[in-house]
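Numbering (our numbering), first residue to last: 67 to 174.
Quick reminder that beta carbons are idealized off the backbone N, C-alpha and C, glycines included.
All figures in this text were calculated on a predicted structure; none of them were measured in a lab.
Everything on this sheet refers to the single structure shown next.
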């Protein structure tokens with residue numbers, strides 16, 4: 067499922083690493099899903115940590131509506147530099163996951 071922040075994130079390097087490892091297709095799909103979920107939770111945690119309790123409710127409402135325009139308008143009004151923060155947080159997580167895959171490949 068395409069998320070509201072996917073235009074900021076590059077995970078192709080992880081997908082390529084998964085394809086290059088000795089995992090079955092089913093295992094690759096499972097690991098790719100774990101990567102997506104990790105990124106999703108990391109970004110949600112970042113955003114929610116920057117919002118007031120009232121703003122969290124509004125943000126969650128927009129998420130449930132899946133209205134990307136409202137989401138981005140709201141976040142840009144409430145959190146200065148949110149796109150840069152999301153990109154940085156996602157890039158850090160992707161690097162961490164790539165390191166984990168490199169280590170896992172040694173044991174596979």
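Helix, strand or coil at residue 71 [DSSP, three-state]: The count along the chain shown starts at 1 and reaches residue 71 at position 5. Residue 71 falls in the coil class under three-state DSSP.
Rounded distance between the beta-carbons of residue 122 and residue 114, thought under 8 Å: Taking the chain shown and counting its residues from 1, the one referred to as residue 114 is at position 48. Taking the chain shown and counting its residues from 1, the one referred to as residue 122 is at position 56. About 6 Å; that satisfies the 8 Å criterion.
8 Å Cβ shell around residue 163 - same chain, five flanking residues per side excluded: As a working note, residue 163 is residue 97 in the chain shown. Result list for residue 163: 80, 101 and 104, in chain order.
Residues near residue 159 in its chain [Cβ-Cβ closer than 7 Å; skip 5 each side]: Reading the chain shown from its first residue, position 93 is the one you call residue 159. Excluding positions up to five away in sequence, the list reads 104, 105 and 108.
Contact under 8 Å by Cβ, residue 84 with residue 97: What you label residue 84 is simply residue 18 of the chain shown in a count that begins at 1. What you label residue 97 is simply residue 31 of the chain shown in a count that begins at 1. A contact, by the Cβ cut-off of 8 Å.
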